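Colleague:
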Amino acid sequence: MKKKTRYSVRIIAERCKGCMFCVSFCPAGVLGRDGTANARGYPLPCIASAAVCTGCALCQKLCPDFAIFIESNHVR
Amino acid sequence: MNSHPSDSYLRTDRLPHLWCPGCGIGATMNSFVEAVKLSGISRKSLAVVSGIGCSGRVAGYLKADSFHTTHGRAIPFATGLALANPGLRVAVYSGEGDLVAIGGNHLLHAARRNVNIMVVCINNFTYGMTGGQLAPTTPIGSITATTPYGSTEMPCNLVNLAASAGAVFVARWTVFHVRQLACTMAEALVRRGFSFIEVLSPCPTLHLQRNNLGHGETEMRYFKEYSRVANNTSPVEAGLDRRDRKIIVGTFVKRERAVFFDSPDSVTLVRKKKVKA
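In order, the protein sequence lines correspond to chains A and B.
When we follow full-length UniProt numbering, the leftmost residue of the first sequence carries the number 1, and every step to the right adds one.
When we follow full-length UniProt numbering, the leftmost residue of the second sequence carries the number 1, and every step to the right adds one.
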């Protein structure tokens, strides 16, 4: 059976400043806004549709605050 | 698990950093970390030197040998480091106000001598940390703290400046081009000689807000929409004029030239003099 890779987006809430670069430039539209904020009051992105993530990691590279990254898990 | 893959290159105890929401300097630092990983240079043999200003804080957040110097003098400090320890890869990370205005002469002469350093110049079109004064790259008509009726000065084309002064590697990208920027930085890190990389970055708090240009995200969209990749274009034609609605990005200059104090002649010359004295 072919191995499949699933990607999960991790957000480090306490580092995020809510610039929303990740939300605006995600090519697959994984991320969205749901109005939640972190302890310092900055709006946080949310994972709107995790299944469509292609693992391109553009969000991770664009994030000025080192607050978002991609984890890949191999599943059968 | 809650750890970012770049964390081993960062002083995580100092995060979150002080840059404003929507500022692009953090993203360029992200690309720089990526470039260091790509280039295979060990953290032990890397030194990051920065001047004063928002982008001058980069040295403080990177877990490498770092040096936060006086205003405009990042290049002289870096030249000293590169000459005293030729095994060290020295990167200068600073803004256009620091490198081109206050330290303008140092930039010119380090490029002319072809000192073995890499310079990353974050161009956000204004002085950020000191309150948004007119910078050498501020576009004509822009409102700043020192030009409340709009700037009337011709902005400086940084890539052309560096290329004409003799830099051997000259490139420009915007903060939006994270992958290209990381590859270019990695290439500059492994090349010998004076390399200059200009990175256009949004300044949401001062430049964008004062000129009604939106916020960081809007400027990033502008970068995405109007950037034209044109490698090997003459830097003379790579001017930045907001009215043109065109940003020329890419690698403009790649050439080889004798590196400062690299030739055996220059070393023997100094040694002979030393013996005489």
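Where is the CB? At the ideal position from N, CA and C, for every residue including glycine.
This structure is a prediction, so every number in the text was calculated from the model and none was measured.
Excluding five sequence neighbours on each side, which residues of the same chain lie with their C-beta closer than 6 Å to the C-beta of Val253 of chain B?
Modeller: The residue you call residue 253 of chain B lines up with position 253 of the second sequence. For Val253 of chain B, where only same-chain residues beyond five positions count, the Cβ hits under 6 Å are Ala163, Val170.
Colleague: What's the C-alpha gap between Ala95 of chain B and Ala84 of chain B?
Modeller: Here residue 95 of chain B refers to the residue found at position 95 when the second sequence is read from its first residue. Here residue 84 of chain B refers to the residue found at position 84 when the second sequence is read from its first residue. A quick correction: the sequence has Gly, not Ala, at residue 95 of chain B. So the two alpha carbons sit approximately 25 Å from each other.
Colleague: Taking Cβ to Cβ, would you say Asn160 of chain B is nearer than 8 Å to Pro235 of chain B?
Modeller: Position 160 of the second sequence, counted from the first residue, corresponds to residue 160 of chain B. Position 235 of the second sequence, counted from the first residue, corresponds to residue 235 of chain B. In this structure, Pro235 of chain B lies closer than 8 Å to Asn160 of chain B by Cβ.
Colleague: If I follow the unbroken alpha helix (DSSP H) through Ser39 of chain B, where does it start and stop?
Modeller: As a first step, residue 39 of chain B must be located in the second sequence, where it is residue number 39. Start and end: 25 to 39.
Colleague: Suppose only complete runs of 4+ residues qualify. What are the alpha helix (DSSP H) ranges in the UniProt domain "4Fe-4S ferredoxin-type" (7 to 36) of chain A, listed by chain order?
Modeller: Taking only runs of at least 4 residues, the alpha helix (DSSP H) segments lying wholly in the UniProt domain "4Fe-4S ferredoxin-type" (7 to 36) of chain A are 21 to 25.
Colleague: Is the CB-CB distance between Thr28 of chain B and Val175 of chain B below 8 Å?
Modeller: Within the second sequence, residue 28 of chain B is the residue found at index 28, counting from 1. Within the second sequence, residue 175 of chain B is the residue found at index 175, counting from 1. Yes, they are a contact pair.
Colleague: Looking at Val58 of chain B: is its Cβ nearer than 8 Å to the Cβ of Tyr9 of chain B?
Modeller: Within the second sequence, residue 58 of chain B is the residue found at index 58, counting from 1. Within the second sequence, residue 9 of chain B is the residue found at index 9, counting from 1. Their beta carbons are not under 8 Å apart, which means Val58 of chain B does not touch Tyr9 of chain B by this criterion.
Colleague: Mind pulling the chain D residues with CB within less than 7 Å of His4 of chain B?
Modeller: As a matter of chain content, chain D is missing from the structure shown, whose protein chains are A and B.
Colleague: Measure the C-alpha to C-alpha separation of residue 291 of chain B and Pro155 of chain B and round it to an integer number of angstroms.
Modeller: Because chain B is modelled from 1 through 277, residue 291 of chain B falls outside the range shown and cannot be assessed.
Colleague: Cys63 of chain A versus chain B: which residues are under 8 Å apart at the beta carbon?
Modeller: Here residue 63 of chain A corresponds to residue number 63 of the first sequence, with the count starting at 1. Going along chain B in sequence order, the residues near Cys63 of chain A (Cβ under 8 Å) are Gly26, Ala27, Asn30.
Colleague: Compare the C-alpha of Phe25 of chain A against each of B:Met220, B:Arg255, B:Gly250 and name the closest.
Modeller: Residue numbering aside, residue 25 of chain A sits at position 25 when the first sequence is read from its first letter. The shortest Cα separation from Phe25 of chain A among B:Met220, B:Arg255, B:Gly250 belongs to B:Met220.
Colleague: DSSP beta-bridge partners for His74 of chain A?
Modeller: The residue labelled residue 74 of chain A in the question sits at position 74 within the first sequence. Paired residue(s): A:Thr5.
Colleague: Mind pulling the chain B residues with CB within less than 7 Å of Cys19 of chain A?
Modeller: Working through the first sequence from its first residue, we reach residue 19 of chain A at position 19. Result: Pro21, Gly22, Gly216, Glu217.
Colleague: With DSSP collapsed to three states, give me the class of Phe125 of chain B.
Modeller: Along the second sequence, one-based indexing puts residue 125 of chain B at 125. Coil.
Colleague: At what residue ranges does the region 167 to 195 of chain B contain a whole run of the alpha helix (DSSP H), taking only runs of 4 or more?
Modeller: With a minimum length of 4 residues, the continuous alpha helix (DSSP H) runs that stay inside the region 167 to 195 of chain B are 178 to 190.
Colleague: From Gly80 of chain B to Gly53 of chain B, what distance separates their C-alpha atoms?
Modeller: The residue labelled residue 80 of chain B in the question sits at position 80 within the second sequence. The residue labelled residue 53 of chain B in the question sits at position 53 within the second sequence. Each residue's Cα considered, the two are about 21 Å apart.
Colleague: Going by the DSSP bridge assignment, what does Tyr93 of chain B pair with across the sheet?
Modeller: By 1-based counting over the second sequence, the position of residue 93 of chain B is 93. Paired residue(s): B:Val120.
Colleague: Please classify Asp13 of chain B as buried or exposed, where buried requires at least 16 neighbouring CB atoms within 10 angstroms.
Modeller: For the purposes of this step, residue 13 of chain B is taken as the residue at position 13 of the second sequence. Asp13 of chain B comes out exposed.
Colleague: Is there a Cβ of chain B sitting closer than 8 Å to that of Ser8 of chain A, yes or no?
Modeller: Position 8 of the first sequence, counted from the first residue, corresponds to residue 8 of chain A. With 8 Å as the cut-off, Ser8 of chain A does not count as an interface residue toward chain B.
Colleague: Among B:Ser42, B:Asn116, B:Pro21, B:Ile102, which residue has its Cα nearest to the Cα of Val168 of chain B?
Modeller: Walking along the second sequence from the start, residue 168 of chain B turns up at place 168. The option with the nearest alpha carbon to Val168 of chain B is B:Asn116.
Colleague: For Ala82 of chain B, list the residues DSSP reports as bridge partners.
Modeller: Position 82 of the second sequence holds residue 82 of chain B. Looking at the DSSP assignment, Ala82 of chain B forms no beta bridge with any residue, so it has no partner.
Colleague: Between Val178 of chain B and Asn30 of chain B, how many whole angstroms is the CB-CB distance? I'm expecting something under 8 Å.
Modeller: For the purposes of this step, residue 178 of chain B is taken as residue 178 along the second sequence, with counting starting at 1. For the purposes of this step, residue 30 of chain B is taken as residue 30 along the second sequence, with counting starting at 1. With 8 Å as the limit, Val178 of chain B and Asn30 of chain B qualify as a contact, their Cβ atoms being about 7 Å apart.
Colleague: In chain order, what residues of the same chain have a beta carbon less than 8 Å from the beta carbon of Val23 of chain A, not counting five sequence neighbours either side?
Modeller: Here the question's residue 23 of chain A lines up with position 23 in the first sequence. Excluding residues within five positions, the ones whose Cβ falls inside 8 Å are Leu31, Gly32, Arg33, Pro45.
Colleague: Using alpha carbons as the reference points, say which of B:Arg112, B:Arg192, B:Val229 lies closest to Ala91 of chain B.
Modeller: Position 91 of the second sequence, counted from the first residue, corresponds to residue 91 of chain B. Closest by alpha carbon: B:Arg192.
Colleague: Given a cut-off of 8 Å on the beta-carbon distance, is the pair Leu206 of chain B and Thr126 of chain B in contact?
Modeller: Numbered from its first residue, the second sequence carries residue 206 of chain B at position 206. Numbered from its first residue, the second sequence carries residue 126 of chain B at position 126. Contact: yes.
Colleague: Nearest CA to the CA of Arg6 of chain A: which residue from A:Ala13, A:Pro43, A:Pro27, A:Val52?
Modeller: In the first sequence, counting from the first residue as 1, residue 6 of chain A sits at position 6. Cα-wise, what sits closest to Arg6 of chain A is A:Val52.
Colleague: I'd like to know whether the C-beta atoms of Gly214 of chain B and Cys23 of chain B end up nearer to each other than 8 Å.
Modeller: For the purposes of this step, residue 214 of chain B is identified with residue 214 of the second sequence, where counting begins at 1. For the purposes of this step, residue 23 of chain B is identified with residue 23 of the second sequence, where counting begins at 1. No.
Colleague: Anything in chain B within Cβ reach of Arg15 of chain A, meaning under 7 Å, just list it in chain order.
Modeller: Here the question's residue 15 of chain A lines up with position 15 in the first sequence. Within 7 Å Cβ-Cβ: Leu15, Pro16.
Colleague: Taking only beta-carbon atoms, is Ser49 of chain A less than 8 Å away from chain B?
Modeller: Position 49 of the first sequence, counted from the start, is the residue given in the question as residue 49 of chain A. Answer no: the Cβ-Cβ gap between Ser49 of chain A and chain B never drops below 8 Å.
Colleague: Tell me the residue span of the beta strand (DSSP E) that contains Thr251 of chain B.
Modeller: Locating residue 251 of chain B in the second sequence gives position 251, where the first residue counts as 1. It spans 247 to 254 - the beta strand (DSSP E) in which Thr251 of chain B sits, taken as one unbroken run.
Colleague: For the putative contact between Pro27 of chain A and Leu58 of chain A, defined by C-beta atoms under 8 Å, what is the C-beta separation to the nearest angstrom?
Modeller: Start at 1 with the first residue of the first sequence, and residue 27 of chain A comes out as number 27. Start at 1 with the first residue of the first sequence, and residue 58 of chain A comes out as number 58. 7 Å between Cβ atoms; contact.
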